[in-house]
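Student:
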Amino acid sequence: MREAKPMPMPTPPGDKVVPESRSERLGASVRLLTPEVARDLGVQAKRGALVTEVESGSAAERAGLRPGDVIVGYDGRAVHGPEELAALVAKTSPGRPVDVSVVRAGARRPVRVTLGKLTR
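In our numbering, the protein residues as written are 1361 to 1480.
1. Is the distance from the Cβ of LEU1475 to the Cβ of ARG1385 below 8 Å?
2. What's the call for PRO1442, buried or exposed, on a 16-neighbour Cβ count within 10 Å?
3. Have a look at ALA1465 and GLY1428 and give me their C-alpha separation to the nearest angstrom.
4. Measure the Cβ-Cβ separation of GLY1387 and GLU1421 and say whether it is below 8 Å.
5. Evaluate GLY1417 with the Cβ neighbour count: other Cβ atoms within 10 Å of its Cβ, from every protein chain shown; 16 or more gives buried, anything less gives exposed.
6. Give me the Cα-Cα distance between VAL1460 and ASP1435, rounded to the nearest whole angstrom.
7. In three-state DSSP terms, what is ASP1429?
8. For a minimum of 4 consecutive residues, which ranges assigned as the alpha helix (DSSP H) are wholly contained in the region 1394–1471?
9. Out of GLU1396, GLY1408, ARG1399, which has the shortest C-alpha to C-alpha gap to ARG1468?
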């Protein structure tokens, strides 16, 4: 198995810290995609949850999510940031396949993710 590797992220203007969020059931860390970060990364999406890390063996890895992907849709609903993504994931039953829309290399792509269970 591969080990998760975090993606280096540009520092927001004024050294503002952009909070990162981790979804245990998804198995990925995400942060808010700001216009500045989108520009620095060459990402066309204006809003979304930027994947910064994918855990080895996680639902995100099995679905093919990668650091640098921008999650812009989840189960038919728009995703504007990490908090919205977390709320949608929390409402999803474990083991249920969900269609996720990501922007990767300038193209919108569908990804099917089957969420895991919380391990607490």
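Note that CB positions come from ideal geometry on N, CA and C, so glycine has one too.
Tutor: This is what the structure gives:
1. As a working note, residue 1475 is residue 115 in the sequence shown. As a working note, residue 1385 is residue 25 in the sequence shown. Here LEU1475 is near ARG1385, since their CB atoms are less than 8 Å apart.
2. By one-based count along the sequence shown, residue 1442 stands at place 82. PRO1442 comes out buried.
3. Numbered from 1 along the sequence shown, position 105 holds the residue referred to as residue 1465. Numbered from 1 along the sequence shown, position 68 holds the residue referred to as residue 1428. Across the structure, ALA1465 and GLY1428 are spaced so that their CA atoms are roughly 9 Å apart.
4. The count along the sequence shown starts at 1 and reaches residue 1387 at position 27. The count along the sequence shown starts at 1 and reaches residue 1421 at position 61. For GLY1387 and GLU1421, yes; Cβs fall inside 8 Å.
5. For the purposes of this step, residue 1417 is taken as residue 57 along the sequence shown, with counting starting at 1. That one is exposed.
6. For the purposes of this step, residue 1460 is identified with residue 100 of the sequence shown, where counting begins at 1. For the purposes of this step, residue 1435 is identified with residue 75 of the sequence shown, where counting begins at 1. Roughly 6 Å separates the two Cα atoms.
7. Mapped onto the sequence shown, residue 1429 falls at position 69. Assigned with DSSP and collapsed to three states, ASP1429 falls in coil, not helix or strand.
8. For the region 1394–1471, whole alpha helix (DSSP H) runs of length 4 or above, ordered along the chain, are 1395–1401, 1419–1423, 1442–1450.
9. On the sequence shown, position 108 is the one that residue 1468 refers to. Ranked by Cα distance from ARG1468, the first of GLU1396, GLY1408, ARG1399 is GLY1408.
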